[in-house]
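Engineer: Those protein sequences? They're chains A and B, same order as listed.
Take the first sequence: its position 24, counting from 1, is numbered 388 in this note's numbering, and each next residue is one higher.
Take the second sequence: its position 192, counting from 1, is numbered 556 in this note's numbering, and each next residue is one higher.
For each residue, glycine too, the CB sits at the ideal point set by N, CA and C.
2 protein chains.
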Amino acid sequence: MGRKALYTRDQFVDAALKLLAEGGPGSVTIKAVAEETGAPVGSVYHRFLSRNILLAELWLRIIDLFQVEFLEALAQGDGLRAALYTPQWVRKHPKEGKVLLMYRQEDLASGTWPEDIRERALSLREELNEGIRSFVKHRFGRVTEQNFSRAVFALFDVPHGAVRRYMEVDTVPPKQVDDLVRETYDAVMGGDR
Amino acid sequence: MGRKALYTRDQFVDAALKLLAEGGPGSVTIKAVAEETGAPVGSVYHRFLSRNILLAELWLRIIDLFQVEFLEALAQGDGLRAALYTPQWVRKHPKEGKVLLMYRQEDLASGTWPEDIRERALSLREELNEGIRSFVKHRFGRVTEQNFSRAVFALFDVPHGAVRRYMEVDTVPPKQVDDLVRETYDAVMGGDR
DNA sequence: CCTATACTAGAATATGGATTCTAATATGTC
DNA sequence: GACATATTAGAATCCATATTCTAGTATAGG
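What follows is the structure, encoded as structure tokens:
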């Protein structure tokens with residue numbers, strides 16, 4: 365029943381991703397998304413209630429994509445692999461990587477979110493925290509504020525920080541970044557402690 | 365000659381800083397800046413040719429503020445102090461810190477810049493590179509791509525990465541961050557190498 | 001072949017914000 | 001005191017973008 369669709373939700377999200385990676389949030393206008401896809405603006409609105417929701421969808425998709433494998437590595441207790449996952453992932457997904465690092469509270473904060481989306485976002489954050497928490501427990505025996513922060517630093521903040529400058533100028537982080545992340549991981553998470 | 369000024373450039377820049385730190389780039393409208401200052405929009409435009417230029421002024425001011433002391437530490441050959449400078453600085457200047465980390469090429473990239481501003485920006489970047497280069501030379505004997513990257517990682521990327529998550533939610537980085545930055549610095553820059 | 005419907009098309013509308021403009025207002029100078 | 005001018009004031013303009021709306025179109029099901 366009904367006409368065959370010429371454009372899918374995914375196509376619009378893809379277009380938004382491309383625009384976001386290339387020109388930042390400001391360049392993701394509905395008109396631009398439509399043009400990028402070859403669709404009329406009406407069709408974009410047929411799929412997405414609003415621009416904000418389209419963007420939210422995009423963030424969620426990317427965060428999810430990143431997080432799944434990251435958590436897998438963690439679940440196996442392989443912290444180093446998880447730490448190295450960031451540089452590797454952004455090499456494999458440059459556009460997504462750029463957007464992941466570009467992500468700012470503020471970008472999503474504007475406007476109010478449907479229950480649906482807020483929930484998915486919360487759930488993602490919870491999964492991540494839970495994953496780290498259980499890794500920390502496995503690694504250190506118990507979870508304190510101290511060693512939780514330590515793990516976040518080694519697993520997340522350092523890899524992201526190391527990779528950011530490259531993504532910002534649309535280049536891929538060089539191999540050396542992995543060495544530095546590794547050295548840091550070993551120094552901060554290694555030994556007895 | 366002429367009327368006494370009620371509002372200065374600095375007042376507008378301060379207002380912009382506050383707005384930027386609180387609500388991100390989108391919330392820095394000329395109207396908002398004017399209201400925050402108690403001035404009419406006309407007076408803002410009397411001081412700044414455009415919103416872009418006001419923002420550029422703000423970025424430059426902050427980057428300069430940050431960089432001066434950072435380079436001083438480096439010039440004394442005190443790399444660790446330079447690495448620890450970031451967490452300390454953002455504690456001292458929370459709004460500026462937030463904005464410094466919020467800074468995105470894209471925010472300045474939109475629109476075209478007066479020669480004047482482009483020059484100041486380039487000059488800042490040059491000073492920074494030069495400072496790091498000479499520190500690297502002093503520390504490692506010679507400057508290679510490898511050890512330059514290593515220094516940037518330890519002096520910049522790690523401290524910034526470590527501090528970011530706190531600034532994003534308007535909190536001050538805890539003391540532990542300094543420990544982690546130090547441990548990383550020692551691991552990455554310490555020893556013979 | 002008819003109908004309901006999912007979707008395409010893109011024009012019309014609404015809004016927000018940057019920038020411009022015109023008119024007043026002080027203040028130092030002559 | 002009159003002039004020139006820097007500045008205040010804020011209304012008017014312009015423009016880009018989100019969102020809405022109205023019409024047409026293709027397709028599955030009967």
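Could you please give the first and the last residue of the uninterrupted alpha helix (DSSP H) stretch that includes W453/A?
Structural biologist: G443 to K456
Engineer: Looking at the structure shown, is K368/A part of a helix, part of a strand, or coil, going by DSSP?
Structural biologist: coil
Engineer: For W477/B, report the span of its alpha helix (DSSP H) as first-last.
Structural biologist: Counting along the chain, W477/B sits inside no alpha helix (DSSP H), nor does DSSP assign it H or E at all.
Engineer: Any heavy atom of the ligand COA closer than 7 Å to the beta-carbon of V507/B?
Structural biologist: This structure lacks the ligand COA; in fact it carries no ligand of any kind.
Engineer: Whole-angstrom Cβ separation of I496/A and I417/A, contact assumed at under 8 Å?
Structural biologist: Incorrect: roughly 29 Å between the Cβ atoms, too far for contact.
Engineer: Leaving aside the five residues before and after V500/B along the sequence, list all residues of the same chain whose C-beta is less than 6 Å from its C-beta, in chain order.
Structural biologist: V507, N511, F512 and A515
Engineer: For the alpha helix (DSSP H) containing V312/B, name the first residue and the last one.
Structural biologist: Residue numbering for chain B in the displayed model covers 365 to 557; residue 312/B lies beyond these limits and cannot be assessed.
Engineer: Let's test the definition: count the other Cβ atoms within 10 Å of the Cβ of L438/A and tell me whether it reaches 16, buried, or not, exposed.
Structural biologist: buried
Engineer: Does F517/B come within less than 8 Å of chain A when only Cβ atoms are used?
Structural biologist: yes
Engineer: Which whole-angstrom value is the C-beta distance of P537/A and V527/A, which I expect to be below 8 Å?
Structural biologist: 5 Å
Engineer: Using a Cβ-Cβ cutoff of less than 7 Å, which residues in the same chain neighbour K459/A once the five nearest sequence positions on both sides are dropped?
Structural biologist: L381, K382 and A385
Engineer: Hey, does G402/A have any beta-carbon neighbour from chain B nearer than 8 Å?
Structural biologist: no
Engineer: Rounded to whole angstroms, what is the Cα-Cα separation between D442/B and D521/A?
Structural biologist: 24 Å
Engineer: Would G495/B pass as an interface residue toward chain A - the criterion being a Cβ-Cβ separation below 8 Å?
Structural biologist: no
Engineer: Who are the neighbours of T548/B on chain A, taking C-beta pairs under 8 Å?
Structural biologist: V522, T548, A551 and V552
Engineer: When the Cβ atoms of the segment 403–417 of chain B are set against those of the segment 369–377 of chain B, are three or more pairs found closer than 8 Å?
Structural biologist: yes
Engineer: With DSSP as the reference, label S407/B as helix, strand or coil.
Structural biologist: helix
Engineer: Assuming L448/A contacts D542/A under a Cβ cut-off of 8 Å, what Cβ separation, rounded to an integer in Å, is found between them?
Structural biologist: 6 Å
Engineer: Under the assumption that L488/B contacts I427/B (Cβ atoms under 8 Å), give the Cβ distance between them as a whole number of angstroms.
Structural biologist: 6 Å
Engineer: Between V377/A and R425/A, is the Cβ-Cβ spacing less than 8 Å?
Structural biologist: yes
Engineer: Closer than 7 Å, Cβ to Cβ, to anything on chain A: give me those residues from the segment 500–514 of chain B, in chain order.
Structural biologist: Q510, S513 and R514
Engineer: Taking the C-alpha atoms as reference points, what is the distance between T476/A and F504/A?
Structural biologist: Just so you know, the alpha carbons of T476/A and F504/A end up roughly 40 Å apart.
Engineer: What is the DSSP secondary structure of V432/B, reduced to helix, strand or coil?
Structural biologist: helix
Engineer: Under the three-state reduction of DSSP, which class applies to L413/B: helix, strand or coil?
Structural biologist: coil
Engineer: Per DSSP, what kind of secondary structure is G567/A in: helix, strand or coil?
Structural biologist: The first residue shown for chain A is 365 and the last is 557, placing residue 567/A beyond what the model contains.
Engineer: Around the C-beta of L464/A, are 16 or more other C-beta atoms found within 10 angstroms, so that it is buried, or is it exposed?
Structural biologist: buried
Engineer: At what residues does the alpha helix (DSSP H) containing S513/A begin and finish?
Structural biologist: E509 to V516
Engineer: Mind checking if Q431/B is an interface residue toward chain A, Cβ cutoff 8 Å exclusive?
Structural biologist: no
Engineer: Taking only the alpha-carbon atoms, compute the straight-line gap between R546/A and A379/B and give it to the nearest angstrom.
Structural biologist: When the Cα atoms are used, R546/A and A379/B turn out to be separated by approximately 42 Å.
Engineer: Specify, as a first and last residue, the run of the alpha helix (DSSP H) that P523/B falls within.
Structural biologist: V522 to E532
Engineer: In chain order, what residues of the same chain lie with their CB nearer than 8 Å to the CB of R404/B, ignoring the 5 residues before and after it?
Structural biologist: The sequence given here has Pro at residue 404/B, not Arg. Result list for P404/B: A398, in chain order.
Engineer: At the level of alpha carbons, what is the spacing between R415/A and G390/B?
Structural biologist: 15 Å
Engineer: Pop quiz: V552/A and T450/B are said to be a contact at Cβ under 8 Å. What is the actual Cβ separation, rounded to whole angstroms?
Structural biologist: In this structure V552/A does not touch T450/B by the C-beta definition: roughly 17 Å separates them, more than the 8 Å allowed.
Engineer: Could you check the C-alpha separation between L435/B and Q431/A for me, to the nearest Å?
Structural biologist: 37 Å
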